[in-house]
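The numbering of the sequence shown is our numbering, which starts it at 17 and goes up by one. Don't be surprised by glycine CBs; every beta carbon is placed ideally from N, CA and C. Below you'll find the structure, written out as C-alpha cells, and then a few comments.
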Amino acid sequence: MPANLIYLDNAATTRVDPRVAETMSVWLTKQWGNPASLNHAFGQSSAKAVDKARAQVAQLIGAKTNEIIWTSGATESNNLALKGIARAHRGQRRHIVTIATEHKAVLDTVHWLEGEGFKATVLAPQSNGLVDWAALEEALREDTLLCSVMLVNNETGVIQDIQAIGELCRKKNVVFHVDAAQATGKVDINLQQLPVDLMSLTAHKTYGPQGIGALFVRSDIALQIEAQLHGGGHERGLRSGTLPTHQIVGMGESYELAKALMTSENTRIRIQRDRLLKHLMALDGVELNGDLEHRIPHNINISIDNCALDLNTLTAVALSSASACLGGQSSHVINAMKGHSDTQSTLMRISLGRFNTDTEIDFVADYLEDQIRRCRQGKR
Ligand SMILES: *Cc1c(COP(=O)(O)O)cnc(C)c1O
Numbered sequence: 017m018p019a020n021l022i023y024l025d026n027a028a029t030t031r032v033d034p035r036v037a038e039t040m041s042v043w044l045t046k047q048w049g050n051p052a053s054l055n056h057a058f059g060q061s062s063a064k065a066v067d068k069a070r071a072q073v074a075q076l077i078g079a080k081t082n083e084i085i086w087t088s089g090a091t092e093s094n095n096l097a098l099k100g101i102a103r104a105h106r107g108q109r110r111h112i113v114t115i116a117t118e119h120k121a122v123l124d125t126v127h128w129l130e131g132e133g134f135k136a137t138v139l140a141p142q143s144n145g146l147v148d149w150a151a152l153e154e155a156l157r158e159d160t161l162l163c164s165v166m167l168v169n170n171e172t173g174v175i176q177d178i179q180a181i182g183e184l185c186r187k188k189n190v191v192f193h194v195d196a197a198q199a200t201g202k203v204d205i206n207l208q209q210l211p212v213d214l215m216s217l218t219a220h221k222t223y224g225p226q227g228i229g230a231l232f233v234r235s236d237i238a239l240q241i242e243a244q245l246h247g248g249g250h251e252r253g254l255r256s257g258t259l260p261t262h263q264i265v266g267m268g269e270s271y272e273l274a275k276a277l278m279t280s281e282n283t284r285i286r287i288q289r290d291r292l293l294k295h296l297m298a299l300d301g302v303e304l305n306g307d308l309e310h311r312i313p314h315n316i317n318i319s320i321d322n323c324a325l326d327l328n329t330l331t332a333v334a335l336s337s338a339s340a341c342l343g344g345q346s347s348h349v350i351n352a353m354k355g356h357s358d359t360q361s362t363l364m365r366i367s368l369g370r371f372n373t374d375t376e377i378d379f380v381a382d383y384l385e386d387q388i389r390r391c392r393q394g395k396r
C-alpha cells in the first residue's frame with residue numbers, strides 16, 4: 017500500500033486505533049484463558065476482561081450489561097435480530113417492514129425470510145434519504161411483527177429519527193430493530209430513552225477490530241429471540257461459540273475511546289468536511305446526495321454529472337462509490353432515493369475519520385477538482 021495514499025473510506029472500515037491494538041495484544045500474547053473456563057485463573061481473568069468490555073459497550077449506548085450479546089459483527093447481529101424474532105413468532109404475526117436504503121445485511125435477510133413465508137414491505141425513502149413518515153405509518157399494520165430502520169446510513173450518513181419511529185412502533189406493538197453500525201461514536205445513543213428493542217453494533221467502523229460486534233437485546237420487554245447458532249449455550253443461549261477475548265477487549269476499548277472522543281472528534285471532522293464539501297459543491301454539475309442537516313459530519317456523498325471517473329485510477333486517495341460490498345455495481349441506496357438508476361454520473365462517497373488531517377483534506381479538495389476537470393476534458 018503506498019505510504020502517501022490518503023484514506024477517505026472510513027465508512028467501509030476504520031483503522032484500528034493504536035490504543036485499541038495495544039490493549040488487544042495482551043490477550044493474544046500474554047493471556048489466553050477461555051472466558052468460559054471459570055474453574056481456574058486463566059479463564060477467570062479472561063471472563064473479567066469480557067465483563068469489562070461488555071460494560072464499556074453498554075455504556076456508550078446507555079444499555080445494561082446483560083443486554084449485550086457478542087456476535088461476529090453487524091451482519092450477524094442483523095441476522096440474529098431479524099431471523100431470531102421472526103422464527104420465534106412463526107405462525108403468529110408474519111409481516112416485516114423495512115426501508116429500501118437499509119444495508120444488504122438487513123435487506124437480504126428480510127428477503128430470505130420472505131422465502132420462509134413472511135411478508136415484507138420495503139418502503140421507498142424520501143429523496144433526501146429520510147423515512148417517508150406517512151408511508152411508514154400506513155405500512156405498520158395489525159399483523160406487523162417487526163420493523164427495521166438503521167440509525168445512520170452507510171452510504172449517505174443520513175440520520176433517521178429513531179426516537180419517533182420507535183414511539184410509533186411501540187404504539188402499534190411492533191418490535192423495533194435498529195442497525196447502528198455506522199452510528200456508534202458519531203451520534204448520541206441512549207437506550208434508556210430510545211424506544212428500541214434490538215440494536216446491531218460492530219467494532220470495525222469505530223476504530224476497533226474487524227470480526228466482532230454485538231446485538232443489544234432489551235431485557236425489560238420479554239422479547240423472544242430464537243438462537244441461530246447452537247452449541248455451548250454461550251451468551252444466555254442466544255449465540256453459542258467461544259468468546260474471542262482479544263476481539264471483545266478491542267471492541268470494549270474502542271467504544272470507551274469513542275465515548276470520550278465523540279464531541280471533539282465530531283467538531284473537528286465537521287470543519288474538515290464542510291471545507292471539502294464547499295470546495296466540491298463550487299464545481300459545476302456536482303450534487304450532494306442525502307439530507308445535509310440530518311447527517312453525520314463524516315460523510316460526503318456526491319453525484320458528479322458528465323463525468324465517468326473510475327475510482328480505481330485515483331492514485332492519491334482511497335474512497336468508494338457506494339458501499340464496500342457493492343464493488344462496481346450501482347448503489348441501491350442512491351437509486352432508491354432518486355427513484356431511478358442514474359448511470360450518467362460518477363457516484364463518490366468520501367468518508368472522513370479520526371486520523372484524517374487538515375493537510376490531507378486540503379490536498380484532496382484540489383486533487384479531486386483536478387481529476388474531475390481532466391475526466392470531463394477526456395484527458396485521462
Ligand atoms: C458495515 C455495516 C454492516 C456490516 O457490519 P459487519 O460488522 O462488517 O458485518 C451492517 N450495517 C451497516 C449499516 C454497516 O455499515
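With respect to the C-alpha of asparagine 94, the residue from Val333, Gln226, Glu269 and Leu217 having the closest C-alpha is Leu217. Boundaries of the beta strand (DSSP E) around serine 216: 214-218.
A straight-line Cα-Cα distance of about 12 Å links proline 211 and serine 235. Cα atoms of glutamate 272 and leucine 368: separation of roughly 20 Å, rounded to the nearest angstrom. For isoleucine 312, the CB contacts under 7 Å within the same chain, skipping 5 residues up- and downstream, are Val168, Gly173, Ile175, Lys202 and Val203 in chain order. With a 10 Å radius around the Cβ and a threshold of 16 neighbouring Cβ atoms, asparagine 170 comes out buried. In terms of Cβ geometry, asparagine 317 and arginine 392 do not form a close pair [threshold 8 Å].
In this structure, ligand 1 has no non-hydrogen atom nearer than 7 Å to the beta-carbon of glutamine 244.
Within the same chain, no residue comes within 6 Å of glutamate 309 by CB-CB distance, once the 5 residues on both sides are set aside. Comparing alpha-carbon positions, the option among Met40, Ile22 and Gly247 lying closest to glycine 266 turns out to be Met40. Secondary structure of phenylalanine 134 (DSSP, three-state): coil. DSSP places leucine 152 inside the alpha helix (DSSP H), whose first and last residues are 149-155.
Shortest gap from the CB of threonine 117 to any heavy atom of ligand 1: 7 Å or more. Within its own chain, the residues whose Cβ lies closer than 8 Å to the Cβ of serine 88, once the five positions on either side in sequence are excluded, are Gly227, Ile228 and Gly229, listed in chain order. Sequence-distant Cβ neighbours of methionine 353 in its own chain, meaning closer than 8 Å and more than five residues away, are Thr117, Pro141, Gln142, Ser143, Asn144, Gly145, Thr172, Asn305 and Gly306. Contact between leucine 129 and leucine 161 does not hold, since the beta-carbon distance rounds to 10 Å and is not under 8 Å. Per DSSP, reduced to three states, the secondary structure at methionine 364 is strand. Take the alpha-carbon of aspartate 159 and the one of methionine 166: they are about 22 Å apart. In the structure shown, alanine 334 falls within a strand segment according to DSSP collapsed to helix, strand and coil. Cβ contact annotation for isoleucine 22 (same chain, cutoff 8 Å, sequence separation greater than five): Ala332, Val333, Ala334, Asn372, Glu376, Phe379 and Val380, in chain order. In this structure, the beta-carbon distance from alanine 27 to asparagine 315 falls below 8 Å.
Distance from the CA of glutamine 288 to the CA of glutamate 385, rounded to the nearest whole angstrom, comes to 16 Å.
Less than 8 Å separates the beta-carbon of glutamine 47 from that of serine 61. Within the stretch 64-131, the complete beta strand (DSSP E) segments of 3 residues or longer fall at 84-87 and 111-115, listed in chain order. For the pair leucine 214 and phenylalanine 232, the CB atoms are nearer than the 8 Å cut-off.
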